[in-house]
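A quick write-up on the structure given underneath.
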Amino acid sequence: MEGLSRAVGGMVPDLVSWEWSKSARRGRARLDFTQNASIKTLVAPYSVRAAPGAPVSTPIRWEELDDPKLRPDRWTIRTLPARLKEVGDLFAPALSRTQELPELS
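At position 97 of the sequence shown (counting the first as 1) the number is 1025 in our numbering, and the numbers step up by one without a gap.
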């Protein structure tokens, strides 16, 4: 993954960076190839986690970050359907958002 990341970065250095600091990237996107590893905890929305109770990676609203009941195992394969019925699919807008990417030469 690092090789692919570096190749893309070489093609469009004005668009991407490997800097951690947002200010150091100066508006460029971070290409974080280090997240693609078996020991990382980054997962897709609505992914069932390999943990007791089958917790599900669930999108939340900003205001939910202050909820004292918020825990990584709060929603499971059994409780997620009720949450979706209550608040809807909070990830859906990300799937319908369009964007234009520059052509790579």
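No residue lacks a Cβ here, since even glycine has one placed at the ideal position from N, Cα and C.
Check                                                                                                           : Outcome
Three-state secondary structure assigned by DSSP to Thr1026                                                     : coil
Below-8 angstroms beta-carbon distance, Ile988 vs any chain C residue                                           : Here there is only one protein chain, and chain C is not present.
Buried or exposed (CB count within 10 angstroms, at least 16 for buried), Pro870                                : Absent from the structure is residue 870, since the part of the chain shown begins at 929 and ends at 1033.
Alpha helix (DSSP H) segment containing Gly931, residue limits                                                  : Glu930 to Met939
Inter-residue spacing [alpha-carbon to alpha-carbon] between Leu943 and Arg954                                  : 10 angstroms
Of the listed residues Glu947, Arg934 and Arg1011, nearest to Val984 (C-alpha basis)                            : Arg1011
The stretch 1022–1031 touching the stretch 1000–1011, judged by at least three CB pairs closer than 8 angstroms : no
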